[in-house]
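Some notes on the structure that comes next.
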Amino acid sequence: MGYRFKIIIVPFLKVSGIALFPFILVNSEKLLNDAVVINHERIHLKQQAELLVIPFYLLYLLNYMVNYAIYRNHNRAYLNIVFEREAYANEADMGYLNRRKWLGWLRYF
Numbered sequence: 119m120g121y122r123f124k125i126i127i128v129p130f131l132k133v134s135g136i137a138l139f140p141f142i143l144v145n146s147e148k149l150l151n152d153a154v155v156i157n158h159e160r161i162h163l164k165q166q167a168e169l170l171v172i173p174f175y176l177l178y179l180l181n182y183m184v185n186y187a188i189y190r191n192h193n194r195a196y197l198n199i200v201f202e203r204e205a206y207a208n209e210a211d212m213g214y215l216n217r218r219k220w221l222g223w224l225r226y227f
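Residue 199 in my numbering sits at position 81 of the sequence shown, with consecutive numbering throughout.
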C-alpha cells in the first residue's frame with residue numbers, strides 16, 4: 119500500500135473495524151488476524167489517503183445522507199456508500215490493493 123498503518127484494539131467499538139487514517143481500529147483481539155476485515159479497512163485507508171483524508175470524510179458523510187434520503191434506512195444507506203461498495207466488493211481479494219487504480223471507488227457510483 120505504500121505506507122505503514124497501526125492496528126489498535128478498541129473494545130467498546132460498536133463495529134468490527136473502522137479506518138481512521140492512519141490507524142485501523144478493531145473491537146477485539148481476534149480481528150487482528152481476520153484478513154478480510156483488515157483488508158476492508160486497508161481499502162478505506164487507501165481511499166482516505168488519495169482524497170487527503172478530510173475530503174474523504176466529507177464525501178462519505180454526504181454520500182450517506184443522500185443515500186438515507188433515498189432509502190430511508192440506515193443499513194441500505196450505509197451499504198450503498200460508494201466507498202463501502204468498493205471495500206465490500208473487494209475485501210476478500212488480498213491482491214486488490216496491488217492492482218487497484220487510483221480513485222478506484224469511482225467505479226462504484
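Quick reminder that beta carbons are idealized off the backbone N, C-alpha and C, glycines included.
Asked	Found
For LYS132: DSSP bridge partner residues	Looking at the DSSP assignment, LYS132 forms no beta bridge with any residue, so it has no partner.
Cβ separation of LEU169 and LEU177, assumed to be a contact under 8 Å, to the nearest whole Å	7 Å
Assumed close pair PHE139, GLN166 - CB separation to whole angstroms, cut-off 8 Å	4 Å
Candidates GLU202, LYS148 and HIS158: closest to TRP223 by CA position	GLU202
Span separating the alpha-carbon of ARG218 from that of HIS158	13 Å
Endpoints, beta strand (DSSP E) assigned at ILE125	124 to 127
Range of the contiguous alpha helix (DSSP H) that encloses VAL184	172 to 189
Bridge partner(s) assigned by DSSP for ALA137	ILE142
Euclidean distance between Cα positions of GLU204 and ARG160	12 Å
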